[in-house]
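Novice:
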Amino acid sequence: MTYEGFAALAEPTRRQVFERLASGPLPVGRLAKGLPVSRPAVSQHLKVLQDAKLVSVERVGTRRLYQIDYRGVQAMQRYLERFWDQSLAAFKAAAEEEPTK
Amino acid sequence: MSAAVKREMLVNASRAHAFKVFTDDINRWWPREHHIGKSPLKRAVIEPQVSGRWYSICEDDSEIDVGRVQTWDPPNRVVMTWQINGSWQYDPNFVTIIDVAFEDVTPTQCRVLFEHRGLDAYGPASDAVRMMFEAPNGWGETLSHFQRLAEESAS
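Chains A and B supply the protein sequences, listed in that same order. Just so we're aligned: the first sequence equals residues 1 to 101 in this note's numbering. Just so we're aligned: the second sequence equals residues 1001 to 1155 in this note's numbering.
Now the structure itself:
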């Protein structure tokens, strides 16, 4: 029942990394500035976010810019929607089972 | 995560009955695969009062909290917290909201309006993320916005 996007964002520092990228693409050096963790730690968080398809990386000239991958964000949204669609369908069926009062 | 999950449906039952099935009888319909415990779900329970617990009893008799009742207004509305976080665990500091309203349509049919909101708790929602979901032109506006930001951040 777990979905990796949710798990990836459950870690507070990783969420901060993700939140910073929501303002636009950034290289890892800029990301690490002002975060209370080392640059290698930020790289590790970026890797987890990439594996969860929440972040992608693009080469712009000699730089690697990290950016939000909205396909991962959409997938999280769709996951929740499917979860509730299934639950509500089961509720509707149960509510309609008996004669109404 | 910024957009609430909203659903509206017609149910062929009175709203009093629909309210009861949703709450008192949640154990009759809650999908067993939508359960977070290691031991399978034996019984889902919503205590029928403000501050009532929403919890699961597992086969091994352990209990897992899901949330708390905030509004208890049969047959009109029930509002409960959903406190299962991104690691799929109950978290007292993690709060999202399940808001369910029941409207009469006929004596044997009601409209159920469901909303799961407060989803920022799963992941931060900045203006940019919100735009992505709410822009009338969808992707087009968002991409040009990001191009501008990328150009600004590169300078």
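By construction, the Cβ of each residue, glycine as well, lies at the ideal position given by its N, Cα and C atoms.
1) Could you tell me which uninterrupted beta strand (DSSP E) segments, each at least 3 residues in length, are contained entirely in the stretch 1055-1092 of chain B, listed from first to last along the chain?
2) Please check if any C-beta of chain A sits within less than 9 Å of the C-beta of Phe-1048(B).
3) So if I threshold CB-CB distances at 8 Å, which residues from the stretch 72-92 of chain A count as touching chain B?
4) Are Ala-1018(B) and Phe-1114(B) touching if we call contact CB-CB under 9 Å?
5) By how many angstroms is the C-alpha of Asp-1104(B) removed from the C-alpha of Cys-1110(B)?
6) Please report whether the beta-carbon of Gly-5(A) lies at a distance below 9 Å from any beta-carbon of chain B.
7) Can you check which of these residues, Pro-25(A), Val-42(A), Gly-24(A), is closest to Ala-32(A) by C-alpha distance?
8) Determine the contact status of Lys-53(A) and Asp-69(A), defining contact as a CB-CB distance below 9 Å.
9) Report yes or no: do the stretch 66-84 of chain A and the stretch 1008-1024 of chain B share at least 3 C-beta pairs separated by less than 8 Å?
10) Please tell me whether Ser-1056(B) and Leu-1041(B) are closer than 9 Å, where the distance is taken between their beta carbons.
Specialist: By the coordinates alone:
1) The qualifying runs are 1063-1073, 1077-1082.
2) Looking at the sequence provided, one finds Pro at residue 1048(B) rather than Phe. Taking Cβ atoms only, chain A never reaches closer than 9 Å to Pro-1048(B), which makes this a no.
3) Contacts with chain B (Cβ-Cβ distance below 8 Å) from the stretch 72-92 of chain A involve Val-73, Met-76, Gln-77, Leu-80, Glu-81, Phe-83, Trp-84, Asp-85, Gln-86, Ser-87, Leu-88, Ala-90, Phe-91, Lys-92, listed in chain order.
4) For Ala-1018(B) and Phe-1114(B), no; Cβs fall outside 9 Å.
5) Their Cα atoms are separated by approximately 5 Å.
6) Chain B places a beta carbon closer than 9 Å to that of Gly-5(A), counting this residue as a contact.
7) The candidate whose alpha carbon is nearest that of Ala-32(A) is Val-42(A).
8) Yes; because the gap between Cβ atoms is below 9 Å, this pair is in contact.
9) Touching, no, given that fewer than three Cβ pairs across the two stretches are closer than 8 Å.
10) Against a cut-off of 9 Å, the Cβ pair of Leu-1041(B) and Ser-1056(B) comes out as a contact.
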